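Chains as they are written, first to last, in this note's numbering: chain V, -4 to 692; chain R, 26 to 354. Cβ coordinates follow ideal geometry from the N, Cα and C atoms, glycine included. Small disclaimer: the values here were computed from a predicted structure and weren't measured.
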């Protein structure tokens, strides 16, 4: 019986192979484009956006699938640049930063409107910023706003500690750091009651609930004594460091300088929402019947797991620019299905990492459609530095050196090798600084940049390091082994996925070949895996990926900041933390990057992770979809996108898509950027004129 | 008969509670929860979430609340919900089968989600089953009547093929041929009649094959039995013998199969729904498990277990009409 069944299966497979061969002969009629390629008659974009959005409330979801839809529905202070994702003016026409780097003033445009016609004012931003961190909303993204003064205290339900004399305990007196940033000195713009309050030295906050407070006091007797007999005043929404100076001027106060903060503001979390709608409808405010939005498009229909339709908002402040009449988002996760729809001409473009590995060679051939560009995302293996033998940096380095990253990238086809932690090809300015610092530092250490770069793969040195670490090597011809290496204490854990498995097996083979060590592999379901990794319950190595929140290397390095960091490695270092703090206090961009580079080199030499590869975008779009670029986050400001019906003007050879100039897109970017550059120019002129007289005094 | 039905209906309640309890236990044993993600949450945010969803309560309270949601519980004054059954007894407000809110999809109740996605799966499932019945019964009867002929071998070989080719292979082949080769049917997504053809065929294949084999076996057995010989001896025409006497007994195995088959078809079929991007319940169920969306998982489990038990009951009752020898005690 079993035999018979096997035979049936074999027959089935043969039929499958035959039919797919026949069909591929029939369809691969060597056309220039992949599948049916006709520009749609209507200005409608059909876009596959990833999994079903958790919510259409911009403050709630954390994922990129949601971000893509929400960017159509909501505008924020700034918008992402379609190519680089740098911030460019959105509802804020222009902005300025205080000299200390902790205060920002935004000048809002006067014609911005919600979809119901209400004007968007600074008060709406105050509401949106306060609501986003309210403990009742319990947003997972709230941490993004923790740079804003007292946002963390409010979100955590903390309290200020007020003495009978009306004076509050100050943070600088207790956290041992002193007043790191003399925040009070950084103050500009008109003086208001709120501004006076928010400019005072930062107050100490303690848990609002008695239980958490007692726990804290037990750990810190000094704090307990200081708080004795004092009043606990809850941090309120009104204390969060955002202020509407007038209807069109919005001010933010940060706890520390954060040069990347403007870049962060394009995130959906900071986009503006309509207070009366939310208050009226409660949690069902995002239903199509209730929703009021602020972006270029209106929500027309939402059929979960099937389709989200948005249409152009004629009342949008920049409606003249919007060329698409409608976008249909299809939430979908099955890559093969997406490819089928694309090939049949039912969708025009899709999100990143969608081209299945097996199709890669075919897709690569469609030079007008396939987009594979570096992303602000890295893949690496974390090392549990708390457990032997990986607690020895030499062992970690040996494992890092024994893998051939170039070969891995060739094998994976869509990725690029990663040598450091922050990805290459994404932060050009930072990379200049990094090269400079690395050359300097490595010279001091008696090494060189070439040698450092060569550490991409150096099996000989890897073996030497392992010997140094106290594991004698045995050599037999070109085979090596380390019999005393405690292999039982090392394994490679990854979350179940075809691609992770392939990479892990590749790594396993590399270590076996170059070190003679066979690392056992272990796969786990995603959420189980996350738990194990976070609790450092894994032995040796675990797979990890990190996607930057904003376009600055800090979004990567911050992962290792402080003792309680999120790196899932158990590694931390006060020296590293100090470097990051210093970097963010540095007003000069290049100098700041140099300090960050020092921090990165220091961290990488400790090797709490083994870098593997930078992710690449790996998606396809029809050539008639224009203004859509493979930017590092695959987040498209939809108002730049249009359908081109003239095949002569379609995108060709998309390898050069970032360099090629689309006059209309460039023109729009120039027009939008003008308000900020003009403002900065005018301010410079103004500053220079009285500065000379001021000096004379 | 009536007491049989009543007894069976009463058993549904403890059975459903058992199923739900086991599921709940398994969810709680599984590591991770709905808010764990690549990025670790600051403790304060985690506290906020736990408080918001009542995860800071003692475990037994969470269990009772869950059980109350899945079955019946009193409704507090500040609860605004129109889901499930609501009634008042002796001044207290009660609500039944209101499964609560999804943890992942903010602002959506579990009841809304189930009844929003059930129609997709149900439409597809029922159509697929009708198709499967049509093909399967015909093939089975033909094979039985022409036993050991080319008809028999042919249809049974096809049935074997239908059983052995999994639907994640059949679906893509159909798409390859009809959507990407001939460009006559859409490759995926919900939409018009054209969209539903390929998924329904894919889905029905295995059921048609199974039904064909069951029918053939059932018919072969019945057609040899004494009462068929009697019917023929009475001089009845072959059509009447076959359709009135033979088929009634012959399809009893098919009927037993129909209960669970229809229930699982209604519940949605993950593979076909994913391959064809259909927003059915099966897709939602898998996502709910991956998201650890507890109320949604429990809601679907409770709903499905009740559905399956009711279908089985209906099947059991229908035996009596098909075969007068079966009695209910």
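- [ ] Could you confirm whether any beta carbon from chain R is found closer than 8 Å to the beta carbon of residue 198 of chain V?
- [x] Taking 8 Å as the threshold, the shortest C-beta distance from residue 198 of chain V to chain R does not fall below it.
Are residue 505 of chain V and residue 513 of chain V closer than 8 Å when you measure CB to CB?
no
Item to complete: Could you list the residues in the stretch 87 to 107 of chain V with a C-beta less than 8 Å from some C-beta on chain R, going in chain order?
Response: none
*asked:* Am I right that residue 43 of chain R and residue 338 of chain V are in contact with their C-beta atoms under 8 Å? What's the rounded C-beta distance?
replied: Residue 43 of chain R to residue 338 of chain V, Cβ: 48 Å. No contact.
Check your understanding: Distance, Cα to Cα, residue 266 of chain R vs residue 350 of chain R?
Key -> 18 Å
Report task. Could you check if residue 21 of chain V is buried or exposed, using at least 16 other CB atoms within 10 Å of its CB as the buried criterion? Result -> Low confidence applies here, because residue 21 of chain V scores a pLDDT of 46, under 50, leaving its location unreliable and the question unanswered by this model.
In chain order, which continuous runs of the beta strand (DSSP E) of length 3 or greater are located wholly inside the stretch 33 to 111 of chain V? 39 to 45, 73 to 75, 82 to 84, 87 to 92 and 98 to 103
Distance, Cα to Cα, residue 216 of chain V vs residue 558 of chain V? 21 Å
Measure the alpha-carbon distance for residue 132 of chain V versus residue 595 of chain V and round it to whole angstroms. 36 Å
task = Would you check if the distance between the CB atom of residue 240 of chain V and the CB atom of residue 117 of chain V is smaller than 8 Å?
result = yes
Inset, instruction - Go through its chain and collect everything with a Cβ distance to residue 24 of chain V's Cβ below 7 Å, but skip five positions before and after it. - result: Any reading at residue 24 of chain V is ruled out, since the residue's pLDDT is 43, under 50, leaving its predicted position unreliable.
Work out the CA separation of residue 294 of chain V and residue 140 of chain V for me, nearest whole Å.
27 Å
| query | Looking at residue 134 of chain V and residue 55 of chain V, is the spacing between their C-beta atoms short of 8 Å? | reply | yes
Closest by CA to residue 308 of chain R, which one among V/328, V/167 and V/680?
Nearest of V/328, V/167 and V/680 to residue 308 of chain R, Cα basis: V/328.
Worksheet item: Terminal residues of the continuous beta strand (DSSP E) containing residue 297 of chain V?
Response: It spans 292 to 298 - the beta strand (DSSP E) in which residue 297 of chain V sits, taken as one unbroken run.
Worksheet item: Are the C-beta of residue 212 of chain V and some C-beta of chain R separated by less than 8 Å?
Response: no
Practice prompt. Specify the secondary structure class of residue 438 of chain V as computed by DSSP and reduced to three states.
Written response: helix
From the DSSP output, in three-state form, read off residue 289 of chain V for me.
coil
Leaving out five residues before and five after residue 657 of chain V in sequence, what residues of the same chain have Cβ atoms less than 7 Å from its Cβ?
621 and 622
| message | Taking 8 Å as the threshold (beta carbon to beta carbon), is residue 605 of chain V in contact with chain R? | response | no
_Could you check whether the Cβ of residue 197 of chain R sits closer than 8 Å to any Cβ belonging to chain V?_
Contacts with chain V at 8 Å (Cβ-Cβ) include residue 197 of chain R.
Original post:
Which bits of chain V does residue 49 of chain R rub up against, with CB to CB less than 7 Å?
Top reply: Residues of chain V passing the Cβ test: none, with the nearest at roughly 16 Å.
Practice item. Tell me, please, whether the stretch 252 to 271 of chain V touches the stretch 87 to 99 of chain V by the rule of three or more beta-carbon pairs shorter than 8 Å. Key: yes
- Query: Are the C-beta of residue 327 of chain V and some C-beta of chain R separated by less than 8 Å?
  - Reply: Cβ-Cβ to chain R under 8 Å: yes for residue 327 of chain V.
Q.
If distances are taken between C-alpha atoms only, which option among V/626, V/677, V/636 and V/402 comes closest to residue 318 of chain V?
A. V/636
Who does residue 470 of chain V pair with in a DSSP beta bridge? According to DSSP, residue 470 of chain V shares a beta bridge with V/475.
Length of the line joining the Cα atoms of residue 103 of chain V and residue 49 of chain R:
50 Å
In this structure, does DSSP put residue 179 of chain V in helix, strand or coil?
-> In this predicted model, residue 179 of chain V has a pLDDT of only 46, less than 50, meaning its place in the structure is not dependable; the value taken from the coordinates is given anyway. Residue 179 of chain V falls in the helix class under three-state DSSP.
Beta-carbon of residue 21 of chain V versus every beta-carbon of chain R: anything under 8 Å?
Low confidence applies to residue 21 of chain V: its pLDDT is 46, below 50, so where it sits in the model is not reliable, and the reading given next is rough at best. Residue 21 of chain V counts as touching chain R.
Taking its Cβ as the centre, do 16 or more other Cβ atoms sit within 10 Å of residue 254 of chain R, making it buried, or is it exposed?
Under this definition residue 254 of chain R is an exposed residue.
* Asked: Does DSSP classify residue 21 of chain V as helix, strand or coil?
  -> Here residue 21 of chain V scores only 46 on pLDDT, less than 50, and its place in the model is too uncertain to base an answer on.
Give a yes or no on contact between the stretch 576 to 583 of chain V and the stretch 386 to 398 of chain V, applying the rule of three or more CB pairs nearer than 8 Å.
Judged by Cβ distances under 8 Å, the stretch 576 to 583 of chain V makes no contact with the stretch 386 to 398 of chain V, as fewer than three pairs qualify.
8 Å Cβ cutoff, residue 322 of chain R in contact with chain V
With 8 Å as the cut-off, residue 322 of chain R does not count as an interface residue toward chain V.
Notebook entry, point to check: Is it true that the stretch 625 to 642 of chain V meets the stretch 37 to 45 of chain V, where meeting means three or more beta-carbon pairs spaced less than 8 Å apart?
Noted result: yes
Host alpha helix (DSSP H) of residue 319 of chain R (start-end): 319 to 347
Query raised in the report: Applying the criterion that 16 or more other CB atoms from any shown protein chain within 10 Å of the CB defines a buried residue, is residue 154 of chain V buried or exposed?
Result: buried
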